[in-house]
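Participant: Input: one structure, supplied below.
In full-length UniProt numbering, the protein residues as written are 1 to 150.
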């Protein structure tokens with residue numbers, strides 16, 4: 001995949017915690033990732049974004065992401081419910097979803113893989129570890145893996 005293609009892939013991050021969003025953004029910046037990053041704060045916003053509804057209606061401004069980083073524990077509609085809807089939608093199901101959560105529950109790990117998640121990552125405790133995870137994640141998803149065109 002050319003560097004040009006990699007830049008066009010939008011990463012959509014669904015996380016209700018403002019501090020976590022900031023840390024993930026800083027970790028992505030630190031890992032020199034050139035992808036455009038969008039944030040939503042709960043599962044309802046995630047699905048509105050993916051369907052270009054409401055404040056996300058502008059498809060130019062809110063393009064289909066090439067990768068979703070999903071927190072499981074969010075208000076309104078949690079990550080588990082959102083994941084189930086994404087993976088049951090013929091158009092959305094091809095988007096890789098990586099769970100990035102504080103949960104270490106075996107049930108969450110099994111259930112999300114059963115629903116079709118691509119990877120399950122427990123959020124690292126330190127910023128340095130988060131940067132390492134983001135570097136590895138970006139190398140894997142944007143340099144090694146072939147992703148479907150959004």
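Yeah, the Cβ is synthetic: ideal placement off N, Cα and C, and Gly gets one too. Since the model is a prediction, treat every value here as computed from it, not as a measurement.
Using DSSP's beta-bridge definition, name the partner residues of residue 67.
Facilitator: Answer is 11.
Participant: If you compare alpha carbons, which of 94, 19 and 72 is closest to residue 64?
Facilitator: Of the listed residues, the one whose Cα sits closest to residue 64 is 94.
Participant: Suppose you measure from the CA of residue 123 to the CA of residue 90; what does that come to, to the nearest Å?
Facilitator: Taking the straight line joining both Cα atoms gives about 29 Å.
Participant: Residue range of the alpha helix (DSSP H) that residue 147 falls in?
Facilitator: Element bounds for residue 147: n/a, residue is neither H nor E.
Participant: Quick one: grab the DSSP three-state call for residue 94.
Facilitator: Here residue 94 sits in helix by DSSP.
Participant: Might you give, ordered along the chain, the residues of its own chain that have their beta carbon closer than 6 Å to the beta carbon of residue 1, omitting 5 neighbours on each side?
Facilitator: No answer about residue 1 holds up, because its pLDDT of 40 lies below 50 and its placement is not dependable.
Participant: Could you tell me the alpha carbon to alpha carbon distance between residue 115 and residue 86, rounded to whole angstroms?
Facilitator: C-alpha separation (whole angstroms): 9 Å.
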